[in-house]
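First comes the structure, then the notes that go with it.
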Amino acid sequence: MMFGRYKGIFHREDGDILVETERNGGLLTYRRRCKGQTFERLLVSETGEIVINPVEPISLPKEITKFLQIEFTPMILEPGASQTVYLKFPVEIGVFLEAARDIDVLDVFGLGTQKYTLYGSPTGGVVARWYRSAVYTEAPPVECLSEGVMELSIHNASHEWVEISCAVFDSTDMKIYYGDFVATTATMKVISVTLAETDFIDAPLRPGMVKSIELHAARKIPVINRGYLMEWGFS
Amino acid sequence: MSFNATEVFEIPIGIGNITVENLLYFTVIIIIGLTVAKVVSTNVRRALSDRLPKNERELLTKLVYYLILVWAIVIALPQLKFDLSGLLVAGGIAGLVIGFASQSVVSNLVSGLFLMFEHPIKIGDNINVADVSGSVEDIRVLSTVVKMYDGIYVRIPNETVFTSNITNYVHNAARRFEYQIGIRYQDDANEAIRITKDVIETHPFALKSPAPSVFVDNLGDNSVNRTAYIWAPARNWWDVRTDLLWRIKQELEANGIEIPFPQRTVWFADGLEVKNRAAEKKE
């Protein structure tokens, strides 16, 4: 497992990914290799720690949106129905520098491929990171370095049958936990045939999981957790 | 000996007929004016904090502050037996002169205010206005600053911006662009379309939805012309456009499909005779 806290010199290799630091005089060199690309930075740090954990999938190849759209096998829900399902969602790997008084983002990389989509109309919609997942009734096995498990509790609060085949989330609300696998917990409340509300729950999927440092927290971007209102339908 | 407090107010202070009461009224009105000016200008500053740059915000705040203060002074001055009628006539004439002189300034100012509240453009947007294309650097009270794509600074009066057609290339979340890609007549157009779609699919910023569209558009003089419509995030479309075209060209060529040069088939009425001059000389 690559995720965790490191101090001073370390070396971690997992498949195509290499992350290491080496001391050269008074300087510490951080080096990362992933998919044939190398990223290096010189660090001046005596007490700082390097934290590697899964982060919200919005930074690669470059950050253009904060929304995540997961498309899945269509489900038809009767009025008032509630169901918890499991989906796969993409993750990126964040490397943070942590000192007693501050935390900052050093590097973000990932193994998966990225695809973006438009949710809604070109005039009023939003660009979102797109990912396709099957629907699982139990937490599926996942590749820890590129994807995680999302426990999604869907509730149809409308008075009609609804078909759901996608969910859009505001990733700044995302709470990612990691342990044996990467996980997040989310909710989706269908309000009407075209309107639904999504949000994340700040709780680990399994006891003992560690909470990831969030990108927006490290970047000191203040956010208000309000969830996301899907106004452009969900099928 | 009795003391009447109201008599104190009627004591003249020694300048004309001005009494202590007049002086008190004047002071109270000015203090109220100062307080109102301070409260209003603070609120104006707060309200405009995310709409205007700091220097212009401060300018407007000061303008509001002094306008209210002048208004308080005008109300208070009659208490000091100051005749404002002469001042009003002079002020009226001065106002007329200043009004004529600053007609365009006021027009630009009003247009600037409308631009700030209507929000057709924002700082950083790529726009075309009054035949100037570039990115918006600043929206000021009187003018809008555009940095053209070749780095040239252009200051456009707000009246011109407001009354011109504004094309904002990044106002919407996504936009579409297109390619015209010709292939030889002997190439398989369906295969070429499949390859092109596959290349588009692999690009992260070629949007999944609205889906790209690739089709044979027309049969040209030199090639079978295909059109590709691709949607991309509005702020990244140029990068996608430049990146994808070369990838498509390389992938087509890797699969034996070529983009033909212009060509012309020439028919000779009497056929074409090829002479070998070297052989003729030997004979």
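In order, the protein sequence lines correspond to chains A and B. Okay, so the first sequence: first residue is 0 according to numbering that gives the first Met the number 0, each after it adds one. Okay, so the second sequence: first residue is 0 according to numbering that gives the first Met the number 0, each after it adds one. Heads up, the beta-carbon is just placed ideally off N, CA and C, and yes, glycines get one too. Note that the structure is predicted; figures quoted are calculated from it, not measured.
Of all residues in the region 165-176 of chain B, those with a C-beta nearer than 9 Å to a C-beta of chain A are His170, Asn171, Ala172, Ala173, Arg174, Arg175, reading in chain order. In the structure shown, the three-state DSSP call for Arg22 of chain A is strand. In this structure, Ile122 of chain B lies away from Val131 of chain B, with their beta-carbon atoms at least 8 Å apart.
The DSSP assignment places 146-155, 161-169 as complete runs of the beta strand (DSSP E) inside the region 140-184 of chain A, in order along the chain (cut-off: 3 residues). For Ser208 of chain B, the residues of chain A that pass the 7 Å Cβ criterion are Thr116, Leu117, in the order they occur in the chain. Closest in C-alpha terms to Glu196 of chain A, from the list A:Gly178, A:Thr171, A:Asn155, comes A:Asn155. Of the residues assessed, His202 of chain B falls on the buried side of the cut-off, its CB having 16 or more other CB atoms within 10 angstroms. In this structure Val213 of chain B touches Ala227 of chain B by the C-beta definition: roughly 5 Å separates them, less than 8 Å. Think of a sphere of 9 Å around the beta carbon of Gly124 of chain A: the chain B residues whose beta carbon falls inside it are Asn171, Ala172, Ala173, in chain order. Within chain B, the residues whose beta carbon sits less than 9 Å from that of Trp129 of chain A are Leu206, Lys207, Ser208, listed in sequence order. Within chain A, no residue has its beta carbon less than 8 Å from that of Arg139 of chain B; the closest one is some 28 Å off.
Between the region 97-107 of chain A and the region 129-138 of chain A there are fewer than three C-beta pairs closer than 8 Å, too few to call the two in contact. In the structure shown, Val239 of chain B adopts helical secondary structure according to DSSP, grouped into three states. Comparing alpha carbon positions, the residue from A:Asp172, A:Thr193, A:Val192 closest to Thr183 of chain A is A:Asp172. For Arg139 of chain B, there is no enclosing beta strand (DSSP E), since its DSSP letter is neither H nor E. Only Pro60, Ile63 from the region 46-76 of chain A bring a Cβ to less than 7 Å from some Cβ of chain B. Rounded to whole angstroms, Ala173 of chain B and Ile138 of chain B show a C-alpha spacing of 24 Å. Under the 8 Å criterion on CB atoms, Pro121 of chain A is classed as interfacial with respect to chain B. DSSP, read as helix, strand or coil, puts Phe113 of chain B in helix. Counting C-beta atoms within 10 angstroms of its own C-beta, Ser101 of chain B has fewer than 16 neighbours from the protein chains shown and is therefore classed as exposed. Judged by beta-carbon spacing, Phe66 of chain A lies beyond the 8 Å limit of Val209 of chain A, meaning their Cβ atoms are not closer than that value. A contact between stretches requires three or more CB pairs, one per stretch, nearer than 8 Å, and the region 105-119 of chain B meets this requirement with the region 149-157 of chain B.
Between Lys80 of chain B and His118 of chain B, the alpha-carbon positions lie close to 49 Å from each other.
Between Val198 of chain B and Leu243 of chain B, the gap from beta carbon to beta carbon is short of 8 Å. From the beta-carbon of Trp237 of chain B, no residue of chain A is found nearer than 7 Å; the closest lies around 13 Å away.
Runs of the beta strand (DSSP E) lying entirely within the region 4-51 of chain A, each at least 3 residues long, are 10-13, 16-23, 26-33, 36-42 in chain order. The beta-carbon of Arg234 of chain B is placed less than 8 Å from the nearest beta-carbon of chain A. With 16 or more other CB atoms across the displayed protein chains lying within 10 angstroms of its CB, Val94 of chain A is buried.
Residue pairing by DSSP places Ser191 of chain A opposite A:Leu194 in a beta bridge. Rounded to whole angstroms, Leu41 of chain A and Ser103 of chain B show a C-alpha spacing of 56 Å.
Between Val125 of chain A and the set A:Asn224, A:Arg225, A:Thr64, A:Gly3, the nearest pair of CA atoms involves A:Thr64. For the set A:Arg218, A:Ile190, A:Cys33, A:Val181, the Cα lying nearest the Cα of Pro203 of chain A is the one of A:Val181.
Pro203 of chain B reaches chain A at Pro60, Gln113, Lys114, Tyr115, counting residues in chain order whose Cβ is nearer than 7 Å. Contact fails between the region 106-123 of chain A and the region 215-224 of chain A, because fewer than three Cβ pairs, one in each stretch, are under 8 Å apart.
Excluding its 5 nearest sequence neighbours in each direction, Ala36 of chain B has C-beta neighbours in its own chain below 6 Å: Tyr64, Ile67, Leu68, listed in chain order.
Our two residues, Val90 of chain A and Asp179 of chain A, have alpha carbons roughly 15 Å apart in a direct line.
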